Structure formats: C-alpha cells, structure tokens
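Enquirer: In my numbering, the protein residues as written are 63 to 262. Glycine is no exception: its CB is placed at the ideal position from the N, C-alpha and C atoms. Every value quoted in this text rests on a predicted model; they were computed, and no experiment measured them. One structure is given below, represented as structure tokens, and several questions about it will come after.
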Amino acid sequence: MTRIAVVYSSATGNVAVMAHALAEGAQAAGAQVRVRKVAETAPPEAIAANPRWQQFLESCTDEQASLDDLAWADGIALGTPTRFGGPTSQMKSFLDTTGGLWFSNALVNKAVTSFTSSSTQHGGLESTILAINNHAYHWGSVIVPLGYGDHHVARVTGNPYGASWVSRSGAAPDADCLEACRIQGRRLAEVAERLSEGKP
Numbered sequence: 063m064t065r066i067a068v069v070y071s072s073a074t075g076n077v078a079v080m081a082h083a084l085a086e087g088a089q090a091a092g093a094q095v096r097v098r099k100v101a102e103t104a105p106p107e108a109i110a111a112n113p114r115w116q117q118f119l120e121s122c123t124d125e126q127a128s129l130d131d132l133a134w135a136d137g138i139a140l141g142t143p144t145r146f147g148g149p150t151s152q153m154k155s156f157l158d159t160t161g162g163l164w165f166s167n168a169l170v171n172k173a174v175t176s177f178t179s180s181s182t183q184h185g186g187l188e189s190t191i192l193a194i195n196n197h198a199y200h201w202g203s204v205i206v207p208l209g210y211g212d213h214h215v216a217r218v219t220g221n222p223y224g225a226s227w228v229s230r231s232g233a234a235p236d237a238d239c240l241e242a243c244r245i246q247g248r249r250l251a252e253v254a255e256r257l258s259e260g261k262p
C-alpha cells in the first residue's frame, strides 16, 4: 500500500481542513495516510491575541510531525499559510531539520506536493508553494504539481501549482477548494505509487 504523509502548519485551522481533504483524496486512491501538524513555536501571547488560533490549537488532535513520517512515506504533501510570500516559520523550522534525511538520500525520488492559504488574492499563494518546493529540489524528490489535468482545477479553481485558498475575513475553505485538495491527494498517491514501483 502506498504511504502518504500530509504535513502541515496551521494557525486558525484553514490549512488543517485542507490537509484532511487532501488526505481523503489519497485514501480514496488506496493509500495509507498520516496527517501530521508541525510543532507550534509562536509565543503564547501571540496565540492568545487571536481567539481562532487559540481555539484551533486547543481542539486539534493531529499528532506532531516527525522526521520518521517523511522517511516512512512514499509521497509527501506539505501545507502552510503564507507568511510574506513564503511558508510559516513553524513549517520552515521543521523542513530545516531534514538535513540528515537529505544526507542519507532518504527522500530521493519521493513524490512531493504543496498547498497553501492566504488572506488576500495576491498574498503569495504561488510563491509560497514554490518556496516550499525548494526543499524538495534539494532532497532529490519529484515535484507533483496539481496541474490542469482535471476539469475542476482547469475550469474552477485555476491554480496548477497546488490547492490554495483565499481566506477573506477568515473564511473557511469552500467546497471547490476542498475538492481541489482531494484531487491533489489522489494525484499524489497515484504518482507516489508509480515511483515506488519503478513504473514510468
């Protein structure tokens, strides 16, 4: 069974919802899936100043991500809100601990895909996905974009880089966004299976 690790950073929970939708897509394709949240490193006072952030942290039951999750997986999905056009410091800190896996070639030829959310349309959706993927280039992994191969993506959500959501006024991801996440999860599982079996 193909193994997929969905690793995410989330403040108010939007990216977490996207992560679980992506996991649903991978599971529907027959994959075994782990959904993991990177460690929260923001100061308690910053979290307490945002009731939605505090509520999400108190209600989240996902296990904390570890390097073992990446080593275990055939395919990896990385999700994060945008922060000035890049990933959160929480996600970046986690990815920066992968040096040992990189050195041992443990992530070579694994399928990697990315997804994100921002509060504005031009808040860095594409640049955040590209920035996350920089790690995968160094790992020697295979980037799996969402692409335009599915009608829903091509005609409805329109982002070939990866599923993304513009959370105006804190709005939760809508049905179209979550369907794009499921499509991305299914695509990741299918490509990861081919790579793990050495198929073209």
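Rounded to the nearest angstrom, how far is the Cβ of Val204 from that of Leu257, given a contact under 8 angstroms?
Expert: With a Cβ gap of about 6 angstroms, Val204 and Leu257 count as contacting.
Enquirer: Helix, strand or coil: how does DSSP classify Gln94 here?
Expert: strand
Enquirer: For the candidate residues Phe165, Asp124, Ile66, Glu102, whose alpha-carbon lies nearest to that of Gly92?
Expert: Ile66
Enquirer: Three or more beta-carbon pairs under 8 angstroms between the region 211-225 and the region 160-172, yes or no?
Expert: no
Enquirer: Determine the closest residue to Leu119 out of Ala90, Thr103, Ala198, with distance taken between C-alpha atoms.
Expert: Thr103
Enquirer: Report all residues from its chain with a CB closer than 8 angstroms to the CB of Asp44; omit the five preceding and five following residues, and keep chain order.
Expert: Beyond the ends of the chain as shown, which are 63 and 262, falls residue 44; an answer cannot be given.
Enquirer: Within this structure, are the beta carbons of Ser217 and Ala88 separated by less than 8 angstroms?
Expert: First, the amino acid is wrong: residue 217 is Arg here, not Ser. No, Cβ-Cβ distance for Arg217 and Ala88 is not below 8 angstroms.
Enquirer: How many whole angstroms separate the CB atoms of Ser121 and Ser179, which I take to be in contact at a CB cut-off of 8 angstroms?
Expert: At roughly 18 angstroms, the Cβ-Cβ gap does not stay under 8 angstroms, so Ser121 and Ser179 are not in contact.
Enquirer: Spatial neighbours of Asn112 within its chain, please: C-beta separation below 8 angstroms, excluding the five flanking residues on both sides.
Expert: Ala73, Thr74
Enquirer: Using the beta-carbon count (16 or more within 10 Å), is Ala173 buried or exposed?
Expert: buried
Enquirer: Using three-state DSSP, classify Leu140 as helix, strand or coil.
Expert: strand
Enquirer: Can you look up Lys99 in the DSSP assignment and give me helix, strand or coil?
Expert: strand
Enquirer: Report the rounded CA-to-CA distance for Phe177 versus Gly141, giving the unit in angstroms.
Expert: 5 angstroms
Enquirer: Report yes if the CB atom of Val77 is closer than 8 angstroms to the CB atom of Ala234, and no otherwise.
Expert: Taking 8 angstroms as the Cβ cut-off, Val77 and Ala234 do not qualify as a contacting pair.
Enquirer: Helix, strand or coil for Ala234? Go by DSSP, reduced to three states.
Expert: If DSSP states are grouped into helix, strand and coil, Ala234 belongs with coil.
Enquirer: Please go through the same chain and pick out, in chain order, the residues whose beta-carbon is closer than 6 angstroms to the beta-carbon of Glu194, but skip the five residues on each side of it.
Expert: The displayed chain sequence assigns Ile, not Glu, to residue 194. Answer for Ile194: Leu140, Pro149, Ser176, listed in chain order.
Enquirer: Count the other C-beta atoms from every protein chain shown that fall within 10 angstroms of the C-beta of Met63, then say buried if there are 16 or more, exposed otherwise.
Expert: exposed
Enquirer: Specify the secondary structure class of Thr219 as computed by DSSP and reduced to three states.
Expert: In the structure shown, Thr219 sits in a helix (DSSP, three-state: H, G or I).
Enquirer: Anyone know if the C-beta pair for His244 and Glu125 falls short of 8 angstroms?
Expert: For the sequence presented, residue 244 should be read as Arg rather than His. No; because the gap between Cβ atoms is not below 8 angstroms, this pair is not in contact.
Enquirer: What does DSSP give as the partner residue(s) for Thr178 in the beta ladder?
Expert: Thr142, Ser226
Enquirer: By how many angstroms is the C-alpha of Gly232 removed from the C-alpha of Asp238?
Expert: Roughly 17 angstroms separates the two Cα atoms.
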